[in-house]
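For reference, the structure is listed below as structure tokens.
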Amino acid sequence: MLMRSVSWDRTADVVVIGYGSAGPVAAITAAEHGAEVLILEKQRKAAHHTNTSMAGGSFITPVDAKSALDFMTALYRIGAGGISWTDRAVLRPFAEYLASDKEWIESRGGSFFLSPGPVDYLHLPGAAGIPKHRFKGLGVGLVRWLDGLVKAKGIPVLYEARATHLITNLRGRVIGVEAQVRQDGQERRLRIGASRGVVLAPGGFEYDEQAKLQYLRVYPTYSTGTEANTGDGLRMAMEVGAQLWHMNCLSAYMMFKFPDFPIAFSPDYLGRSHKRYAKGEEAIPIVSGHIIVDRDGKRFTSENLNGHAVYYELPYFDTHRLIYPRVPSYFIFDRRRLENGPLPSVTAGPTGPVRLYEWSADNSAELEKGWIKTADTVRGLARKIGVPADGLERTVRSFNRYCLRGVDPEFGRKPAGLIPLENPPYCAMALWPGTPATHGGPRRNGKGQILNADGDPIPGLYGAGELGCIYGMLYPGAGGHLAQCFASGRVVGDNVVKERGVIA
Ligand SMILES: Cc1cc2nc3c(=O)[nH]c(=O)nc-3n(C[C@H](O)[C@H](O)[C@H](O)COP(=O)(O)OP(=O)(O)OC[C@H]3O[C@@H](n4cnc5c(N)ncnc54)[C@H](O)[C@@H]3O)c2cc1C
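Here the working numbering is used: position 414 in the sequence shown is 526, and no number is missing along the way.
So this is what it looks like as structure tokens:
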């Protein structure tokens with residue numbers, strides 16, 4: 113929004129939009145350089161929940177910048193032909209910050225425990241040098257610790273302050289923010305000047321239906337994160353001429369979603385897997401079988417899912433029937449899984465520590481709601497979910513035969529998961545395209561500056577966190593996002609304070 117002259121209601125050196133993790137990290141970093149910072153947060157303080165607070169707390173911790181750079185250089189060539197999803201000139205500084213995130217956090221009182229397993233795509237260069245940790249207290253613990261730091265530094269957070277427009281001067285420099293603020297029960301429009309710069313960190317566009325339809329590879333796409341991430345940042349950035357990138361990229365899941373609850377749930381296919389995470393143990397033996405089928409009742413992938421990428425198998429479109437046969441897909445299991453703990457993850461999302469939904473320990477309440485379909489026979493189950501009965505019965509019969517032989521000739525699933533489906537009731541839950549985090553948004557350079565259509569920085573505008581993050585099509589694996597939120601917040605905090613103060 114171009115303004116010739118503005119009368120400011122308030123000013124700061126740096127105005128940060130969004131109080132998830134990238135926002136506060138940018139604010140803390142800028143404040144440590146001596147800047148006066150103000151954070152705007154659209155939610156009410158009492159109900160504030162973010163993708164960060166709903167996260168499982170996994171955190172990639174590269175042992176050095178070289179491992180991170182080698183890994184991401186290789187990862188971001190995949191699916192991009194001869195070019196790269198993310199420029200090396202951007203990846204290089206980020207790799208350095210990613211490698212020092214853990215030290216930055218620990219030196220400020222945050223703490224981790226070691227998480228089993230490294231990043232995904234272990235065969236890529238550098239992957240072996242990227243262990244994972246978990247933040248103590250998971251996403252909720254991380255937010256509590258960050259909030260403590262923000263308070264200790266005296267950084268004000270204005271809640272119920274929804275940023276609506278970036279304000280630019282005649283030279284195209286971003287000099288402030290217009291926000292819709294609720295104070296003392298009244299709605300007010302505030303204009304807040306930012307002499308050094310504005311940091312856009314309002315999270316992704318998981319609840320912007322138009323943006324998801326226009327930019328993602330398949331619709332609908334649901335989210336396990338906060339309903340506050342409605343794409344405000346995309347609109348604000350586009351209004352001042354930002355170039356977008358990574359728009360069809362995301363942490364690529366399949367999820368449960370029910371019409372009578374706004375947020376999706378991450379499936380826990382194996383049951384009680386939270387135990388191994390919470391205690392840092394090795395994987396417990398798999399005790400129940402399951403398969404994933406399409407709308408024709410056919411398997412289409414190995415159920416040894418690459419959980420952060422499987423979404424990319426869903427956009428197959430049947431041009432004769434004019435349907436997406438894999439939307440929804442179905443998670444098919446039997447009594448053994450039904451009796452093996454809650455069906456969604458209990459370490460993250462609405463059923464994680466934020467407890468936005470209390471899922472019953474024995475799944476009985478959700479059976480009652482009809483969220484889990486059951487039948488005494490496979491044919492009966494097929495009829496309940498509207499899948500061809502012959503197709504599903506054939507698939508289950510073949511799968512059970514593979515289990516007897518211990519070999520899956522169709523998709524090469526590992527023997528540990530080859531447990532037959534033979535204990536009624538047979539159960540089904542729809543699996544929808546879903547994401548905990550979209551990757552798209554305004555394009556950044558290595559200093560975190562947001563770029564215009566020509567690739568030049570928009571003066572005074574920086575980006576951090578999930579919106580327009582450095583990740584392209586593939587996600588490095590659990591822990592990639594929180595680490596990049598810290599890295600990008602720190603990059604931006606270090607650079608925005610170098611800006612010359614301009615307020616008009
Ligand atoms: C269920 C779940 C599990 C996850 N698990 C992990 C994990 O274990 N490890 C990992 O690395 N990543 C994980 N992620 C991803 C990661 O949590 C997010 O990518 C990351 O936390 C995003 O942080 P952020 O600061 O960019 O945005 P958010 O944490 O989403 O915060 C954005 C904030 O901006 C506010 N906001 C939005 N619009 C405006 C506006 N117009 N004005 C003012 N404020 C605004 C929102 O209200 C919100 O408070 C998970 C995500 C989910 C949903």
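Cβ atoms here follow ideal geometry from the backbone N, Cα and C, with glycine treated the same way.
What residues in its chain sit with their C-beta under 6 angstroms from that of residue i, if we drop five residues either side in the sequence?
{"i": "residue 593", "result": "549"}
{"i": "residue 555", "result": "355, 357, 563"}
{"i": "residue 184", "result": "203"}
{"i": "residue 329", "result": "360, 427"}
{"i": "residue 300", "result": "293"}
{"i": "residue 394", "result": "Confidence at residue 394 is low in this model, with a pLDDT of 45, below 50, so the placement of that residue should be treated as unreliable; the coordinate-derived value is given next. Excluding sequence neighbours, residue 394 sits near nothing in its chain."}
{"i": "residue 363", "result": "420, 547, 548, 549, 587"}
{"i": "residue 320", "result": "342, 343"}
Return the chain-ordered list of same chain residues with a C-beta closer than 8 angstroms to the C-beta of residue i, the five sequence neighbours on each side being excluded.
{"i": "residue 533", "result": "401, 402, 403, 444, 445, 446, 490, 508, 511, 512"}
{"i": "residue 213", "result": "171, 173, 595, 598, 599, 602"}
{"i": "residue 370", "result": "481, 483"}
{"i": "residue 380", "result": "386, 453, 454, 455, 456, 457, 458"}
{"i": "residue 325", "result": "331"}
{"i": "residue 277", "result": "113, 289, 290, 348, 351"}
{"i": "residue 588", "result": "172, 183, 184, 187, 231, 232, 233, 242"}
What span of residues does the alpha helix (DSSP H) with residue i cover, start to end?
{"i": "residue 606", "result": "592-608"}
Enumerate in chain order the residues of its own chain whose CB-to-CB distance from residue i is below 7 angstroms, with the five nearest sequence positions on each side excluded.
{"i": "residue 638", "result": "For residue 638 there is no data in the structure shown, the boundaries of the chain being 113 and 616."}
{"i": "residue 241", "result": "174, 175, 176, 179"}
{"i": "residue 530", "result": "514, 515, 518, 520"}
{"i": "residue 608", "result": "126, 142, 308, 309, 311, 574"}
{"i": "residue 121", "result": "302, 303, 304"}
{"i": "residue 323", "result": "317, 343, 346"}
{"i": "residue 265", "result": "140, 143"}
{"i": "residue 239", "result": "183, 230, 231, 233"}
May I ask you to report which of helix, strand or coil DSSP gives residue i?
{"i": "residue 75", "result": "The structure shown does not extend to residue 75, since the chain is modelled only from 113 to 616, so the question has no answer here."}
{"i": "residue 564", "result": "strand"}
{"i": "residue 504", "result": "helix"}
{"i": "residue 150", "result": "strand"}
{"i": "residue 282", "result": "coil"}
{"i": "residue 525", "result": "coil"}
{"i": "residue 351", "result": "helix"}
{"i": "residue 517", "result": "helix"}
{"i": "residue 472", "result": "coil"}
{"i": "residue 294", "result": "strand"}
{"i": "residue 370", "result": "coil"}
{"i": "residue 390", "result": "Note that residue 390 scores 40 on pLDDT, short of 50, meaning its location in the model is unreliable and no value can be drawn from it."}
{"i": "residue 378", "result": "coil"}
{"i": "residue 303", "result": "strand"}
{"i": "residue 509", "result": "helix"}
{"i": "residue 118", "result": "coil"}
{"i": "residue 555", "result": "coil"}
{"i": "residue 288", "result": "strand"}
Any heavy atom of ligand 1 closer than 6 angstroms to the Cβ of residue i?
{"i": "residue 154", "result": "yes"}
{"i": "residue 344", "result": "yes"}
{"i": "residue 275", "result": "yes"}
{"i": "residue 130", "result": "yes"}
{"i": "residue 586", "result": "no"}
{"i": "residue 593", "result": "yes"}
{"i": "residue 166", "result": "yes"}
{"i": "residue 461", "result": "yes"}
{"i": "residue 521", "result": "no"}
{"i": "residue 361", "result": "no"}
{"i": "residue 170", "result": "yes"}
{"i": "residue 315", "result": "yes"}
{"i": "residue 336", "result": "yes"}
{"i": "residue 162", "result": "yes"}
{"i": "residue 535", "result": "no"}
{"i": "residue 597", "result": "yes"}
{"i": "residue 272", "result": "no"}
Can you find a heavy atom of ligand 3 that lies under 6 angstroms from the Cβ of residue i?
{"i": "residue 418", "result": "Because ligand 3 does not appear in the structure shown, any question about it cannot be addressed here, the ligands present being ligand 1."}
From what residue to what residue does the beta strand (DSSP E) around residue i run?
{"i": "residue 491", "result": "Premise fails: residue 491 lies in the alpha helix (DSSP H), 490-497, not in any beta strand (DSSP E)."}
{"i": "residue 137", "result": "Unbroken run through residue 137 is the alpha helix (DSSP H), 134-144; no beta strand (DSSP E)."}
{"i": "residue 477", "result": "Careful: residue 477 lies outside any beta strand (DSSP E), inside the alpha helix (DSSP H) at 476-481."}
{"i": "residue 485", "result": "485-487"}
{"i": "residue 531", "result": "That residue, residue 531, is in no beta strand (DSSP E); it is neither H nor E in DSSP."}
{"i": "residue 581", "result": "It is not in any beta strand (DSSP E) - residue 581 carries neither H nor E in the DSSP assignment."}
{"i": "residue 541", "result": "538-547"}
{"i": "residue 123", "result": "122-129"}
{"i": "residue 569", "result": "569-575"}
{"i": "residue 402", "result": "402-405"}
Could I get the ranges of all uninterrupted alpha helix (DSSP H) runs contained in the stretch 409-457, with 4 residues as the minimum, in chain order?
-> 447-450
Note down, one range per segment and in chain order, each alpha helix (DSSP H) of at least 4 residues found wholly within the stretch 315-346.
-> 321-327
For the stretch 223-279, list the alpha helix (DSSP H) runs that are entirely contained and at least 4 residues long, ordered along the chain.
-> 250-264
Which residue spans inside the stretch 154-236 form an unbroken alpha helix (DSSP H) run of at least 4?
-> 177-187, 200-218
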